[in-house]
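Notes follow once the structure below has been shown.
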């Protein structure tokens, strides 16, 4: 039974009060630059110019920004990637922004920039609704404006800060005021979302993430381990295109680009040379929806190399991982997480795997000719997952394949540097956990007012059936009752319940084990909504994530609860509210952006508390072969461009495969024996038929006087005619 939600367009409204004088000349010690708001666009604005790509320029983004720099009245520019066009906009007192995944919004600003940043198209990137929960060194500037936060990110003499976040807790959640007079708190961080992807989290309070795009930490020469390959895919947003290049030339162009930070490149091959596209976007920020299908194209995502060493010591394969910063997760063999895993205790993770055991260590053999003659070479290798959270999988987790040469001593050390991430087809590989429904919402009756809980996509209205790891989602609980509701004790578990984690405690505050914020209350007409934004995650042993939460009806108003860093209008109360047994209603359709699968809740108790549950499918194909790992064949679930179908794939255990082969062989033997028996029987029947015909010819019709036989003797040439 499912409840159908009317189609709801989910978007974030931001009110940006333009900084006065942006279109004017900057002061002597400042430089003019741009701030990029990726995926945002203004609702209304007065255009200054319009530009459409002719196909001859290298970069649509660069051409539009250069045109806006030339015009004094141009305060911002909107680049629409899908249409290949842009608009320059004049300054406005108030600008309302909404979410649009096909565009990027650039606003002029004046900053204290170093000379090395003068060629950058934009120097700052802002993302609303996100923050960096880093435990590294940080600095807090209280009572700071946004402009002061921007400048502090570049002009600090103490140390290098890679990112910041500007916070104003007292402002409404759905309205962002960015002006030269608004005062909030600026938090400077030495890390950013690329150096600590697990710390990049969604926020349910008024904040936006700011990143320094003038400098980056990529070395000048990067080897293969710093790229993840996505075959037959590219990104929807392209910042620079170069014709007639090789893959190595395209890679070098990305690493040497100084007008923006190149986070990855796509090379579309046509024989030995092809098209090179450079991207400033990354999947950490945008999510998997940014990928699209393109045949013969390969997207190379730039990632930080992992500090891993491998040694074969005796009968064990020893893997040592030295994390860049604080690491609270674990390293394990996929499918063998209980026996073949290790966690960090002293900052270094060491995992010893038996070469001959149950940890899926494989061997590769080769014969080569060396200076001393023919040499037999053996390599032991294994696939590992480095999981940032000890319980759940997230989009920032990494797959690695490592190996060494047994018995070769220190000189036989070999490191296999293929890396992939845990982003795949969004199609569950466990048959028992698949669902025939794309999503639904559960509605539970409490007296006369229904109570609904569902999960929606926040990045787009339509998408694949199963969500991807790291995809932005929003959990909502709604009611039309006049009394306020509070939600607490939220537990996420796997389908069978063997793994679970507490997301919100008895007060409704985050526990910190998983990136999940507290609920925020909003009112839309007569509907009261509790909402919490989060990124999709899953458990290593299950594609289904089950949410269970308690909801209580307050006596009219719920008092606020102080959760430390976040404030919300919700509390735990002992009010009494008679609720009936929870019931589920259904209709024929539900909103396309609803992705959760509802289940029936248990009965409510007598003090107004109602337990709600729902299930959500988070797709990810398990990588179980070394070939898949070497190719790093990430396949998107987005139905874009050319679809490369997998066909009717069936997962079969090797023992079952052997049994099927033996059964097939037995059937073939039985068929062969049956054919032999039939042939022999046919021959016997044929001989009997010939004898019968012979006797019939010899005896029938010779009892009359008119019948004659002509006999030919073999030793005579005389024909004797007998008459009877």
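Residue numbers (mature numbering (1 follows the signal peptide of the UniProt record, and there is no 0)): -24 to -1, 1 to 700. From the three backbone atoms N, C-alpha and C, an ideal C-beta is built for every residue, glycine too.
Asked: Going residue by residue through the stretch 264 to 341, where are the continuous beta strand (DSSP E) segments of at least 3 residues, counting only ones entirely within it?; Found: 267 to 278, 284 to 289, 292 to 297, 306 to 308, 317 to 319, 325 to 330
Asked: Inspect the beta-carbon positions of residue 254 and residue 229 and report whether they are closer than 8 Å.; Found: yes
Asked: So, is residue 163 buried or exposed, given that buried needs 16 or more other C-beta atoms within 10 angstroms?; Found: buried
Asked: Note down the Cα distance separating residue 223 from residue 243, rounded to an integer number of angstroms.; Found: 6 Å
Asked: Identify which residue in 447, 493, 365 has its Cα closest to the Cα of residue 304.; Found: 365
Asked: Look at the alpha carbon of residue 341 and the alpha carbon of residue 356, and state the distance between them as a whole number of angstroms.; Found: 9 Å
Asked: What does DSSP give as the partner residues of residue 511 in its beta bridges?; Found: 448
Asked: Express the C-alpha separation of residue 104 and residue 705 in angstroms, rounding to a whole number.; Found: It is not possible to answer for residue 705, since the shown part of the chain is limited to -24 through 700.
Asked: Thinking residue 24 and residue 57 are a contact (beta carbons under 8 Å), I'd like their distance in whole angstroms, please.; Found: Rounded, the Cβ-Cβ distance is 20 Å, inconsistent with contact.
Asked: Could you tell me the distance, in whole angstroms, from the CA atom of residue 3 to the CA atom of residue 86?; Found: 8 Å
Asked: Which residues in the same chain have their Cβ closer than 8 Å to the Cβ of residue 5, if we skip the five residues on either side of it in sequence?; Found: 88
Asked: Could you check where the alpha helix (DSSP H) with residue 123 kicks off and where it finishes?; Found: 122 to 131
Asked: Give every residue of the same chain whose Cβ lies closer than 7 Å to the Cβ of residue 208, excluding the five residues on either side of it in the sequence, and list them in chain order.; Found: 269, 270, 271, 273, 620
Asked: Would you kindly report the start and end of the unbroken beta strand (DSSP E) that includes residue 253?; Found: 249 to 255
Asked: Using three-state DSSP, classify residue 371 as helix, strand or coil.; Found: coil
Asked: Please identify the residue among 240, 245, 293 whose C-alpha is closest to the C-alpha of residue 258.; Found: 240
Asked: Leaving aside the five residues before and after residue 467 along the sequence, list all residues of the same chain whose C-beta is less than 8 Å from its C-beta, in chain order.; Found: 476, 477, 478, 479, 523, 524, 525
Asked: Nearest CA to the CA of residue 344: which residue from 592, 336, 337, 354?; Found: 354
Asked: My understanding is that residue 711 touches residue 494, with C-beta atoms under 8 Å, so please give their C-beta distance in whole angstroms.; Found: An answer regarding residue 711 cannot be provided, because it is not within the stretch -24 to 700 covered by the chain.
Asked: I need the straight-line Cα distance from residue 114 to residue 137, nearest angstrom please.; Found: 8 Å
Asked: For residue 368 versus residue 170, is the C-beta distance shorter than 8 Å?; Found: no
Asked: Please return the same chain residues whose Cβ sits closer than 7 Å to the Cβ of residue 378, not counting the five positions on each side in sequence.; Found: 284, 286, 295, 357, 358, 360, 391, 392
Asked: Which residue wins for smallest C-alpha separation from residue 461, given the options 496, 44, 501?; Found: 496
Asked: When the Cα atoms are used, what is the spatial distance from residue 50 to residue 125?; Found: 24 Å
Asked: Can you tell me whether residue 104 is helix, strand or coil according to DSSP?; Found: strand
Asked: Taking the alpha helix (DSSP H) that residue 50 belongs to, which residues open and close that run?; Found: Segment 50 to 56 is the beta strand (DSSP E) holding residue 50; no alpha helix (DSSP H) there.
Asked: Let's test the definition: count the other Cβ atoms within 10 Å of the Cβ of residue 606 and tell me whether it reaches 16, buried, or not, exposed.; Found: With a pLDDT of only 28 at residue 606, under the threshold of 50, the placement of this residue in the model should not be trusted; the figure read from the coordinates follows. With fewer than 16 Cβ atoms within 10 Å of its Cβ, residue 606 is classed as exposed.
Asked: Between residue 703 and residue 449, is the Cβ-Cβ spacing less than 8 Å?; Found: Outside the modelled stretch of the chain, which goes from -24 to 700, sits residue 703, for which no answer is possible.
Asked: Using three-state DSSP, classify residue 237 as helix, strand or coil.; Found: coil
Asked: Of all the options 281, 261, 289, 654, which has the alpha carbon lying nearest to the alpha carbon of residue 362?; Found: 281
Asked: What does DSSP give as the partner residues of residue 161 in its beta bridges?; Found: 143
Asked: Can you check which of these residues, 654, 278, 20, 10, is closest to residue 205 by C-alpha distance?; Found: 278
Asked: What did DSSP end up calling residue 643 once you bin it into helix, strand or coil?; Found: helix
Asked: Would you kindly work out how many angstroms separate the C-alpha atoms of residue 335 and residue 312, rounded to a whole number?; Found: 6 Å
Asked: Which class does residue 231 belong to by DSSP, given the choice of helix, strand or coil?; Found: helix
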